[in-house]
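Residue numbers (the numbering used here): -10 to 402.
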Amino acid sequence: MKKRHQVLLVLAILSVITFLDRIAFSTAGERITKELGLSPVQWGWILGSFTLAYALFEVPTGLLGDKIGAKSVLIRVVLWWSFFTVLTGFSTGFVMLLGIRFLFGIGEAGAYPNIAIALAKWFPANERGQAQAIIWGASRLGAGLTPLVVIPIQQRYGWEASFYVLGFVGVIWVIFWYFWHKEDPTQAKDISKSELDEILAKRQLDNHADKVPFRKFLKSKNLWFLMGMYACYATGIYFFQTWLPKYLQQGRGVSEDQLKYISSIAFLLAAFGCFMGGFISDILVKKYGKKWGRRIVPMIGMGISGIFLIISALTANNTVAIILLSLGMAFMDVTAPVAWAVSMDIGGKRSGSISGAMNSAGLLVAYLNTVSFGYLVTNFGYNFPVLLLGIIVIIGAFLWLKINAEETIEYRL
-10 MKKRHQVLLV LAILSVITFL DRIAFSTAGE RITKELGLSP VQWGWILGSF
40 TLAYALFEVP TGLLGDKIGA KSVLIRVVLW WSFFTVLTGF STGFVMLLGI
90 RFLFGIGEAG AYPNIAIALA KWFPANERGQ AQAIIWGASR LGAGLTPLVV
140 IPIQQRYGWE ASFYVLGFVG VIWVIFWYFW HKEDPTQAKD ISKSELDEIL
190 AKRQLDNHAD KVPFRKFLKS KNLWFLMGMY ACYATGIYFF QTWLPKYLQQ
240 GRGVSEDQLK YISSIAFLLA AFGCFMGGFI SDILVKKYGK KWGRRIVPMI
290 GMGISGIFLI ISALTANNTV AIILLSLGMA FMDVTAPVAW AVSMDIGGKR
340 SGSISGAMNS AGLLVAYLNT VSFGYLVTNF GYNFPVLLLG IIVIIGAFLW
390 LKINAEETIE YRL
């Protein structure tokens, strides 16, 4: 196995852990809300506190990674969020959970911008879509494994125990990463000369990026459309990551044992969507160039996903709704690896900052929608907000027409 593929494997494992820790909370939602007496509105605020922290600290952690390197930042943030994962199990009420989930979100905010930084250094530009496909597919694999891991622990030992176990797993990863990883391939002693030459010739890092203030990047229309599209995508995908278990149990009458398998299947389909999105995008880039090669897959995927979400909200048949939601998530998630590949394409050495800006924009909108979902559910039931999500995702599909992966951000504006 080539050295860069070993790095990708270790980062993919981190992506699995990231979503295990994240989705465990929503998976335990029914038990937590009943035991602590939380209303749908309060639950929405708790879910939103994570998303808000994630949004606020995405760019700072990306900037920090650009400055001191992905290795150091990932060590810090994984230890941070692992601590608050464990602390989640000690929560006793609304205010405590609100604070812990916010602090947990600060840590997780640094994961994917710094993974993007590491990939930009270790992978040639023409392999970035595939690398991001594996990273995001791994995240959905982690989400798919979560109900299978967490629910049995909760049923036997209580919901608190699952967070103790998951926090420990993060610490193990940090120890390995600290001793094994090198920040740049030029520092690695066990990489072949041919692989090193291949990486250095094609990775396309801009050496002048650190001389330009980040605010200059905000003049790029390309970046603004990328952030707008990702806001639509994040609005949809965060429904699945936060409200899906409650929606299935309260809105569609699914039992906890059924939830274990339905959620797993939905996220595993999303993992397949991630893998296919990145790989097909890279193939299309070689054939049509970055402009259309990056557009086609997510534009079609988000369009189909939005239609499926709308139909699922309108049908009274629970089985049909669940199937459409699962397929909708799979089609939606072809977007993730492509969007992050585009942030690397246009960002160069500032890929951490650009991906952070993109994800922050998405998360700020997702935060508002996560919180408002609780109010909408209380007043209109569970299906109406899903209908709105479908419309938003379709808008995101059209925004891809304004995004050009060939139009790199000018560092000397």
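Cβ atoms here follow ideal geometry from the backbone N, Cα and C, with glycine treated the same way.
Just so you know, these numbers come straight off a predicted model, no measurement behind them.
Check your understanding: Under three-state DSSP, which class holds ASP195?
Key -> Confidence at ASP195 is low in this model, with a pLDDT of 49, below 50, so the placement of that residue should be treated as unreliable; the coordinate-derived value is given next. In the three-state reduction of the DSSP assignment, ASP195 falls in the coil class.
Review point. With 16 other CB atoms within 10 Å as the buried threshold, where does MET288 fall?
Key: MET288 comes out buried.
Check your understanding: Hey, quick one: how far does the alpha helix (DSSP H) through MET288 stretch, first residue to last?
Key -> Boundaries of the alpha helix (DSSP H) around MET288: 279 to 303.
Point to revise | Buried/exposed call for PHE387, threshold 16 Cβ in 10 Å | key: So PHE387 counts as exposed.
Review point. Ordered along the chain, which non-local residues of its own chain (more than five positions away) have a Cβ less than 6 Å from that of SER342?
Key: Closer than 6 Å at Cβ, skipping near neighbours: GLY51, LEU52, ASP55 and PHE203.
Review point. What does a CB cutoff of less than 7 Å around TYR356 pick up in its chain, not counting 5 residues either side in sequence?
Key: Counting only Cβ-Cβ distances below 7 Å, and skipping sequence neighbours, we find GLY37, THR40, LEU41 and ALA44.
Point to revise | Distance, SER361 Cα to GLY217 Cα | key: In this structure, the CA atom of GLY217 is about 19 Å from the CA atom of SER361.
**Study point:** ILE384 versus GLY131 - alpha carbon distance
**Key:** So the alpha carbons of these two residues sit roughly 28 Å apart.
Point to revise | Coil, strand or helix - LYS(-9) by DSSP | key: Three-state result, LYS(-9): coil.
Check your understanding: Do the stretch 120 to 137 and the stretch 317 to 331 make contact, defined as three or more Cβ pairs closer than 8 Å?
Key -> At 8 Å Cβ cutoff, the stretches touch.
Practice item. Could you check which residue in HIS(-6), PRO29 and THR135 has the C-alpha nearest to that of ASN368? Key: Checked all of HIS(-6), PRO29 and THR135; the closest Cα to ASN368 is PRO29.
Practice item. With DSSP as the reference, label ARG241 as helix, strand or coil. Key: Three-state result, ARG241: coil.
Point to revise | Cβ contact check for the stretch 294 to 314 and the stretch 391 to 399: 3 or more pairs under 8 Å | key: No contact exists between the stretch 294 to 314 and the stretch 391 to 399.
Review point. Measuring CB to CB, does GLY266 end up less than 8 Å from ALA150?
Key: Cβ atoms of GLY266 and ALA150: not closer than 8 Å.
Review point. Secondary structure at LEU(-2), three-state DSSP: helix, strand or coil?
Key: In the structure shown, LEU(-2) sits in a helix (DSSP, three-state: H, G or I).
Exercise for review: Determine the direct distance from the alpha carbon of ALA223 to that of ALA1, and round the result to whole angstroms.
Suggested key: Roughly 20 Å separates the two Cα atoms.
Check your understanding: Ends of the alpha helix (DSSP H) at TYR219?
Key -> For TYR219, the enclosing alpha helix (DSSP H) covers residues 210 to 227.
Exercise for review: Just the C-alpha distance for TYR219 and GLN121, rounded to the nearest angstrom, thanks.
Suggested key: Those two C-alpha atoms are separated by around 15 Å.
Practice item. In angstroms with no decimal places, state the Cα-to-Cα distance between GLY26 and ALA98. Key: GLY26 and ALA98: Cα-Cα distance of roughly 29 Å.
Point to revise | Best match in PHE83, TRP281, PRO234 and ALA107 for proximity to VAL62 [C-alpha to C-alpha] | key: It is ALA107.
Point to revise | Nearest residue (CA-CA) to LEU215, options VAL331, THR175 and ILE104 | key: Scanning VAL331, THR175 and ILE104 for the CA closest to the CA of LEU215 turns up VAL331.
**Study point:** Backbone CA spacing between GLY292 and HIS170 [nearest angstrom]
**Key:** The alpha-carbon atoms of GLY292 and HIS170 are separated by roughly 39 Å.
Point to revise | At least three beta-carbon pairs within less than 8 Å, the stretch 236 to 255 to the stretch 293 to 303 | key: Taking one beta carbon from each stretch, the stretch 236 to 255 and the stretch 293 to 303 have fewer than 3 pairs nearer than 8 Å; the two do not touch.
Point to revise | Coarse secondary structure for LEU314, derived from DSSP in three states | key: Here LEU314 sits in helix by DSSP.
Review point. If we count Cβ pairs, one from each stretch, closer than 8 Å, do we get three or more for the stretch 79 to 88 versus the stretch 177 to 189?
Key: Counting Cβ pairs under 8 Å, fewer than three are found: no touch.
Check your understanding: Are ARG192 and LYS110 close, meaning C-beta to C-beta below 8 Å?
Key -> In this structure, LYS110 lies closer than 8 Å to ARG192 by Cβ.
Check your understanding: Whole-angstrom Cβ separation of MET333 and ALA105, contact assumed at under 8 Å?
Key -> The Cβ separation is near 6 Å, so the contact holds.
Check your understanding: CYS221 and VAL382 look like a contact to me (Cβ under 8 Å); what is the Cβ gap, rounded to whole Å?
Key -> About 6 Å separates the CB atoms of CYS221 and VAL382; that is less than 8 Å, so the two are in contact.
Point to revise | 6 Å CB neighbourhood of VAL66 in its chain, flanking five on each side removed | key: These residues qualify, in order along the chain: GLY96 and GLY99.
Exercise for review: Out of GLN230, LEU137, PHE229 and ALA319, point me to the one whose CA is closest to ALA260's CA.
Suggested key: Out of GLN230, LEU137, PHE229 and ALA319, ALA319 has the C-alpha closest to the C-alpha of ALA260.
Point to revise | Of the listed residues ASN307, SER80 and THR175, nearest to TRP148 (C-alpha basis) | key: Taking only the C-alpha atoms, the option nearest TRP148 is SER80.
Point to revise | Buried or exposed by the 16-neighbour rule on C-beta atoms within 10 Å, applied to ALA190 | key: With fewer than 16 other Cβ atoms from the protein chains shown falling within 10 Å of its own Cβ, ALA190 counts as exposed.
Practice item. Under 7 Å Cβ to Cβ from LEU353, same chain only, skipping five residues before and after it: list those, please. Key: Excluding residues within five positions, the ones whose Cβ falls inside 7 Å are ALA44.
Point to revise | Spatially closest choice to PHE112 from GLY58, VAL163, VAL160 and ARG(-7), by CA coordinates | key: Out of GLY58, VAL163, VAL160 and ARG(-7), ARG(-7) has the C-alpha closest to the C-alpha of PHE112.
Practice item. Output the boundary residues of the alpha helix (DSSP H) element that contains PHE93. Key: According to the DSSP assignment, PHE93 belongs to the alpha helix (DSSP H) that extends over 83 to 97.
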